[in-house]
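Chemist: Attaching a single structure in structure tokens format; questions to follow.
2 protein chains.
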Amino acid sequence: MVVAKNANVATGREGRANAVELTQRVSAKLHFAPHDILVASTGIIGSPYPMDKVRIFVDGLEPDTADCSFPAIARAIMTTDTVPKHVVVRVGGATIVGVAKGVGMIEPNMATMLAFFFTDAALAQPLLHRIFRKVIDATFNCLSIDSDTSTSTAVIFANGLAGAVPEDEFEDALHGLALALVKKIARDGEGATKLLEVGVKGARDSAQARRVAKAIVNSPLVKTAIHGADPNWGRVAMAIGKCEQDIDIEPERVRIGFGDLQVYPDQLAARDLQRLSDMLRAENVRIAVDLGCGGGEATVWGCDLSAEYVSINADYST
Amino acid sequence: MVVAKNANVATGREGRANAVELTQRVSAKLHFAPHDILVASTGIIGSPYPMDKVRIFVDGLEPDTADCSFPAIARAIMTTDTVPKHVVVRVGGATIVGVAKGVGMIEPNMATMLAFFFTDAALAQPLLHRIFRKVIDATFNCLSIDSDTSTSTAVIFANGLAGAVPEDEFEDALHGLALALVKKIARDGEGATKLLEVGVKGARDSAQARRVAKAIVNSPLVKTAIHGADPNWGRVAMAIGKCEQDIDIEPERVRIGFGDLQVYPDQLAARDLQRLSDMLRAENVRIAVDLGCGGGEATVWGCDLSAEYVSINADYST
Numbered sequence: 004m005v006v007a008k009n010a011n012v013a014t015g016r017e018g019r020a021n022a023v024e025l026t027q028r029v030s031a032k033l034h035f036a037p038h039d040i041l042v043a044s045t046g047i048i049g050s051p052y053p054m055d056k057v058r059i060f061v062d063g064l065e066p067d068t069a070d071c072s073f074p075a076i077a078r079a080i081m082t083t084d085t086v087p088k089h090v091v092v093r094v095g096g097a098t099i100v101g102v103a104k105g106v107g108m109i110e111p112n113m114a115t116m117l118a119f120f121f122t123d124a125a126l127a128q129p130l131l132h133r134i135f136r137k138v139i140d141a142t143f144n145c146l147s148i149d150s151d152t153s154t155s156t157a158v159i160f161a162n163g164l165a166g167a168v169p170e171d172e173f174e175d176a177l178h179g180l181a182l183a184l185v186k187k188i189a190r191d192g193e194g195a196t197k198l199l200e201v202g203v204k205g206a207r208d209s210a211q212a213r214r215v216a217k218a219i220v221n222s223p224l225v226k227t228a229i230h231g232a233d234p235n236w237g238r239v240a241m242a243i244g245k246c247e248q249d250i251d252i253e254p255e256r257v258r259i260g261f262g263d264l265q266v267y268p269d270q271l272a273a274r275d276l277q278r279l280s281d282m283l284r285a286e287n288v289r290i291a292v293d294l295g296c297g298g299g300e301a302t303v304w305g306c307d308l309s310a311e312y313v314s315i316n317a318d319y320s321t
Numbered sequence: 004m005v006v007a008k009n010a011n012v013a014t015g016r017e018g019r020a021n022a023v024e025l026t027q028r029v030s031a032k033l034h035f036a037p038h039d040i041l042v043a044s045t046g047i048i049g050s051p052y053p054m055d056k057v058r059i060f061v062d063g064l065e066p067d068t069a070d071c072s073f074p075a076i077a078r079a080i081m082t083t084d085t086v087p088k089h090v091v092v093r094v095g096g097a098t099i100v101g102v103a104k105g106v107g108m109i110e111p112n113m114a115t116m117l118a119f120f121f122t123d124a125a126l127a128q129p130l131l132h133r134i135f136r137k138v139i140d141a142t143f144n145c146l147s148i149d150s151d152t153s154t155s156t157a158v159i160f161a162n163g164l165a166g167a168v169p170e171d172e173f174e175d176a177l178h179g180l181a182l183a184l185v186k187k188i189a190r191d192g193e194g195a196t197k198l199l200e201v202g203v204k205g206a207r208d209s210a211q212a213r214r215v216a217k218a219i220v221n222s223p224l225v226k227t228a229i230h231g232a233d234p235n236w237g238r239v240a241m242a243i244g245k246c247e248q249d250i251d252i253e254p255e256r257v258r259i260g261f262g263d264l265q266v267y268p269d270q271l272a273a274r275d276l277q278r279l280s281d282m283l284r285a286e287n288v289r290i291a292v293d294l295g296c297g298g299g300e301a302t303v304w305g306c307d308l309s310a311e312y313v314s315i316n317a318d319y320s321t
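Protein chains in written order, with the numbering used here: chain A, 4 to 321; chain B, 4 to 321.
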């Protein structure tokens, strides 16, 4: 059960009672046991559900005739999203479907973001759990729209009807699916005009690589430079320097590039300037950093910061 | 010696040689020993000084006729500042003067911010050092425009000509002066329309209070809400929740207010709504949080996030 446009957060006892009542009503209507219903809620903080409207809606549900397709689900759970987010992949004889919503207040752990995965592949629950955790950590937990956070949900449902599939093939397929959703979310980030991918390698370990990549993707000055298609690598260097605890990063060993063009420390050849400019004007921009220290790597995804982000969030009424 | 509009950062050996040459030229011109000259440089990262212009300028200096007043200094060190920042206080028979610049890429430790203090009070160097560190930590290190950082400088010069002053009076005066400069910087933050003050009390200790206050003052969603004069306390609650390591914060004990009006957990009385609205439309906005846990306190300063911040920084050309 997904409630969109109201997070039911910081609503106290009234909020808890409303969630319980809602679960019971849905349970009665759809003939599921209440404990088989997961509740996910997203939207404004601190306002109780408008229960009058909610009761009328639930009591009027017509499950037999409603559009229960995945595209319809993706559309129904949108809040400030501008496009529904829905991806399908095949793996052997099975299918995995993912739907997600979220465009702002997004940082790990996957804040104000809902993602639901459905598959008919047969996998033992502990194995599915392990694969799912691993995939989410490398995809949704590497996404940041604005460094802000809130509650979030990611769930996978598997009914086993299509039988077993090879574990590694399933993991690859699920990873590809989750990454496609993550890119859709970043690309639809509030006010975003570009998808920003930041890859860091040569770190002491993957945790350091991720910290540095997150500092870059979350920096307002990097995000505005990308918005302005400005190859301002100084701001990327600044963001690396923000990682105060990472005192083992040596400035002399750091390499910074946009796409496959290195811009620091060696100056870009004049003949590559036009290519750099075109690259920064594209809808997908990649920043590549090599810390020149070890084998740790990480990739994170985010978006540019535009004036539109400000107006969306300055006008979002409480 | 202050060089404005060029940080001389990430310029390698050429940058170092340029700084040395500049120090020598200024030293020869003004008859100071080179080791008595402090160099502070602020502006674009990664571009060498335009030495042709700089040499002509330094060689043409006329120290006897130049305007060496503090207001002229405050004006000369501006980069994207829209107003010069200059404050004077008296303490006993002595005076303290402060000048500063900086409007963006500002987080501790005092990034891309230059602050110079001058006094004729006589204080032993170790004592002055201790007082200065303490004051800077509680003022400039509690300032954030955009969470982004770079190199910075804060220095105090004392010639002792006015004789001794009581230590505590000097510290109070210097604190007041530094705070006045911090507020001028926040108020002049890139694109800022409001000064935002965040006070956190009831924390386990002052370090926790400062972490929480910083999470609030740096949150893009809090900053845009303040820009839109929206009493969206849910975003303040979200920012407190961002402090992942502070697992001892109990949501049930947290109190959130704007100015002297508490907005969470108790709903605001209807008669106070207009006062809240007026408060949020003012040029100075204060968010007050009580974590209800201990005696730790901190206050930090910042500003709202406007579309103007984005355009200033998207168009800042490399």
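All C-beta atoms, glycine included, are put in the ideal place defined by N, C-alpha and C.
Note that the structure is predicted; figures quoted are calculated from it, not measured.
Between the alpha carbons of residue 88 of chain B and residue 279 of chain B, how many angstroms are there, rounded?
Modeler: What you label residue 88 of chain B is simply residue 85 of the second sequence in a count that begins at 1. What you label residue 279 of chain B is simply residue 276 of the second sequence in a count that begins at 1. If I take the Cα positions, the gap works out to 31 Å.
Chemist: Since I believe residue 117 of chain B is in contact with residue 105 of chain B (beta carbons under 8 Å), could you give me their beta-carbon distance rounded to a whole number of angstroms?
Modeler: The residue you call residue 105 of chain B lines up with position 102 of the second sequence. The residue you call residue 117 of chain B lines up with position 114 of the second sequence. Correct: roughly 7 Å between the Cβ atoms.
Chemist: So, is residue 135 of chain B buried or exposed, given that buried needs 16 or more other C-beta atoms within 10 angstroms?
Modeler: Locating residue 135 of chain B in the second sequence gives position 132, counting from the first residue. That one is buried.
Chemist: For chain A, check one thing: does any of its Cβ atoms lie closer than 9 Å to the Cβ of residue 241 of chain B?
Modeler: Here residue 241 of chain B refers to the residue found at position 238 of the second sequence. Output row for residue 241 of chain B: interface = yes.
Chemist: Answer with yes or no whether the minimum CB distance from residue 21 of chain A to chain B is below 9 Å.
Modeler: Along the first sequence, read from residue 1 onward, the residue named residue 21 of chain A stands at position 18. Not an interface residue.
Chemist: Hey, how far is the Cα of residue 9 of chain A from the Cα of residue 237 of chain A?
Modeler: Position 6 of the first sequence, counted from the start, is the residue given in the question as residue 9 of chain A. Position 234 of the first sequence, counted from the start, is the residue given in the question as residue 237 of chain A. Near 40 Å, if we compare the C-alpha coordinates of residue 237 of chain A and residue 9 of chain A.
Chemist: When DSSP labels each residue in this structure, what does residue 197 of chain A get in the three-state scheme?
Modeler: Along the first sequence, one-based indexing puts residue 197 of chain A at 194. Three-state result, residue 197 of chain A: coil.
Chemist: Hey, is residue 316 of chain A's beta-carbon within less than 9 Å of any beta-carbon in chain B?
Modeler: Translated into the one-based positions of the first sequence, residue 316 of chain A becomes position 313. Chain B contact via Cβ: present.
Chemist: Output the distance between the C-alpha atoms of residue 139 of chain A and residue 127 of chain A, rounded to the nearest integer angstrom.
Modeler: Here residue 139 of chain A is taken as the residue at index 136 of the first sequence, counted from 1. Here residue 127 of chain A is taken as the residue at index 124 of the first sequence, counted from 1. Cα-Cα distance, rounded: 18 Å.
Chemist: Who are the near neighbours of residue 286 of chain A in its chain, counting only those whose CB is closer than 6 Å to its CB and skipping five residues on each side?
Modeler: By 1-based counting over the first sequence, the position of residue 286 of chain A is 283. Closer than 6 Å at Cβ, skipping near neighbours: 197.
Chemist: For residue 6 of chain B and residue 143 of chain B, I'd like the C-alpha separation in whole angstroms.
Modeler: Position 3 of the second sequence, counting from 1, holds the residue named residue 6 of chain B. Position 140 of the second sequence, counting from 1, holds the residue named residue 143 of chain B. C-alpha separation (whole angstroms): 21 Å.
Chemist: Show which residues of chain A have a CB atom less than 7 Å away from the CB atom of residue 288 of chain B.
Modeler: Translated into the one-based positions of the second sequence, residue 288 of chain B becomes position 285. Per Cβ cutoff of 7 Å: no residues; residue 288 of chain B is ~13 Å from chain A at best.
Chemist: Short of 7 Å in beta carbon distance, which residues of its chain neighbour residue 37 of chain B, apart from the five on each side in sequence? Order them along the chain.
Modeler: Along the second sequence, one-based indexing puts residue 37 of chain B at 34. Closer than 7 Å at Cβ, skipping near neighbours: 26, 27, 30.
Chemist: As a quick exercise: from A/157, A/158, A/131, pick the residue whose alpha carbon is nearest that of residue 323 of chain A.
Modeler: No answer is possible for residue 323 of chain A: the residues shown for chain A start at 4 and end at 321.
Chemist: Should the stretch 42-59 of chain A be regarded as contacting the stretch 10-17 of chain A, the criterion being three or more beta carbon pairs within less than 8 Å?
Modeler: Touching, yes.
Chemist: Hey, residue 299 of chain B and residue 187 of chain B: beta-carbon distance below 9 Å or not?
Modeler: Within the second sequence, residue 299 of chain B is the residue found at index 296, counting from 1. Within the second sequence, residue 187 of chain B is the residue found at index 184, counting from 1. Not closer than 9 Å, so no.
Chemist: So the candidates are B/137, B/133, B/119; which of them puts its Cα closest to the Cα of residue 79 of chain B?
Modeler: Sequence index remark: in the second sequence, residue 79 of chain B carries index 76 (1-based). Measuring from the Cα of residue 79 of chain B, the nearest candidate turns out to be B/119.
Chemist: Can you give me the C-alpha to C-alpha distance between residue 184 of chain A and residue 103 of chain A, rounded to a whole angstrom?
Modeler: Numbered from 1 along the first sequence, position 181 holds the residue referred to as residue 184 of chain A. Numbered from 1 along the first sequence, position 100 holds the residue referred to as residue 103 of chain A. C-alpha separation (whole angstroms): 7 Å.
Chemist: Any beta carbon from chain A within less than 9 Å of residue 235 of chain B's own beta carbon?
Modeler: Here residue 235 of chain B refers to the residue found at position 232 when the second sequence is read from its first residue. Taking 9 Å as the CB threshold, residue 235 of chain B lines the interface with chain A.
Chemist: In angstroms with no decimal places, state the Cα-to-Cα distance between residue 82 of chain B and residue 261 of chain A.
Modeler: Taking the second sequence and counting its residues from 1, one reaches residue 82 of chain B at position 79. Taking the first sequence and counting its residues from 1, one reaches residue 261 of chain A at position 258. Each residue's alpha carbon lies about 27 Å from the other.
Chemist: For residue 271 of chain B, I'd like the list of residues in its chain whose CB is within less than 7 Å of its CB, leaving aside the five on either flank, ordered along the chain.
Modeler: Taking the second sequence and counting its residues from 1, the one referred to as residue 271 of chain B is at position 268. 264, 279, listed in sequence order.
Chemist: May I ask you to report which of helix, strand or coil DSSP gives residue 39 of chain A?
Modeler: Within the first sequence, numbered from 1, the residue matching residue 39 of chain A stands at position 36. Note: residue 39 of chain A maps to helix in three-state DSSP.
Chemist: Would you call residue 72 of chain B buried or exposed, if buried means 16 or more other Cβ atoms sit within 10 Å of its Cβ?
Modeler: Along the second sequence, one-based indexing puts residue 72 of chain B at 69. It counts as exposed.
Chemist: To the nearest angstrom, report how far apart residue 74 of chain A and residue 180 of chain A are at their CA atoms.
Modeler: The residue labelled residue 74 of chain A in the question sits at position 71 within the first sequence. The residue labelled residue 180 of chain A in the question sits at position 177 within the first sequence. Taking the straight line joining both Cα atoms gives about 15 Å.
Chemist: The beta strand (DSSP E) with residue 89 of chain A in it runs from where to where?
Modeler: Position 86 of the first sequence, counted from the first residue, corresponds to residue 89 of chain A. Membership of residue 89 of chain A in the beta strand (DSSP E) is indicated by the continuous run 88-94.
Chemist: Can you pull the DSSP bridge partners for residue 265 of chain B?
Modeler: Walking along the second sequence from the start, residue 265 of chain B turns up at place 262. Residue 265 of chain B pairs with B/260.
Chemist: CB residue 125 of chain B to CB residue 157 of chain B, shorter than 9 Å?
Modeler: Walking along the second sequence from the start, residue 125 of chain B turns up at place 122. Walking along the second sequence from the start, residue 157 of chain B turns up at place 154. Annotated as distal: residue 125 of chain B and residue 157 of chain B, with beta-carbon spacing of 9 Å or more.
Chemist: For residue 137 of chain B, which option in B/148, B/166, B/159 has the closest C-alpha, if you only look at C-alpha atoms?
Modeler: In the second sequence, the residue the question calls residue 137 of chain B occupies position 134. Cα-wise, what sits closest to residue 137 of chain B is B/159.
Chemist: For residue 190 of chain B, which residues of its own chain have a beta-carbon under 6 Å away from its beta-carbon, when the five flanking residues on both sides are left out?
Modeler: Here residue 190 of chain B is taken as the residue at index 187 of the second sequence, counted from 1. If we look at residue 190 of chain B and ignore the five residues flanking it on each side, its Cβ neighbours are 198.
Chemist: Who are the neighbours of residue 51 of chain A on chain B, taking C-beta pairs under 8 Å?
Modeler: Translated into the one-based positions of the first sequence, residue 51 of chain A becomes position 48. Neighbours of residue 51 of chain A on chain B: none; closest Cβ ~11 Å, over 8 Å.
Chemist: Over what stretch of residues does the alpha helix (DSSP H) that includes residue 83 of chain B continue unbroken?
Modeler: Counting from 1 along the second sequence, the entry for residue 83 of chain B is found at position 80. Taken as a continuous stretch (DSSP letters only), residue 83 of chain B belongs to no alpha helix (DSSP H), as it is neither H nor E.
Chemist: Identify the continuous beta strand (DSSP E) that holds residue 26 of chain B and give its terminal residues.
Modeler: For the purposes of this step, residue 26 of chain B is taken as the residue at position 23 of the second sequence. Counting along the chain, residue 26 of chain B falls outside any beta strand (DSSP E), though it belongs to the alpha helix (DSSP H) covering 15-33.
Chemist: By a C-beta neighbour count over all protein chains shown, 10 Å radius and 16 as the cutoff for buried, is residue 84 of chain A buried or exposed?
Modeler: For this step, residue 84 of chain A is matched to residue 81 along the first sequence. Looking at its Cβ environment, which holds 16 or more other Cβ atoms inside 10 Å, residue 84 of chain A is buried.
Chemist: Below 9 Å on C-beta distance, what does residue 72 of chain B contact in chain A?
Modeler: Against the second sequence, residue 72 of chain B aligns to sequence position 69. Within chain A, no residue comes near residue 72 of chain B; the closest Cβ sits about 33 Å away, beyond 9 Å.
Chemist: Check whether the Cβ atoms of residue 310 of chain B and residue 231 of chain A lie closer than 9 Å to each other.
Modeler: Residue 310 of chain B sits at position 307 when you count from the first residue of the second sequence. Residue 231 of chain A sits at position 228 when you count from the first residue of the first sequence. Going by C-beta atoms, residue 310 of chain B is not nearer than 9 Å to residue 231 of chain A.
Chemist: What is the DSSP secondary structure of residue 104 of chain A, counted as helix, strand or coil?
Modeler: Numbered from its first residue, the first sequence carries residue 104 of chain A at position 101. In the structure shown, residue 104 of chain A sits in a strand (DSSP, three-state: E or B).
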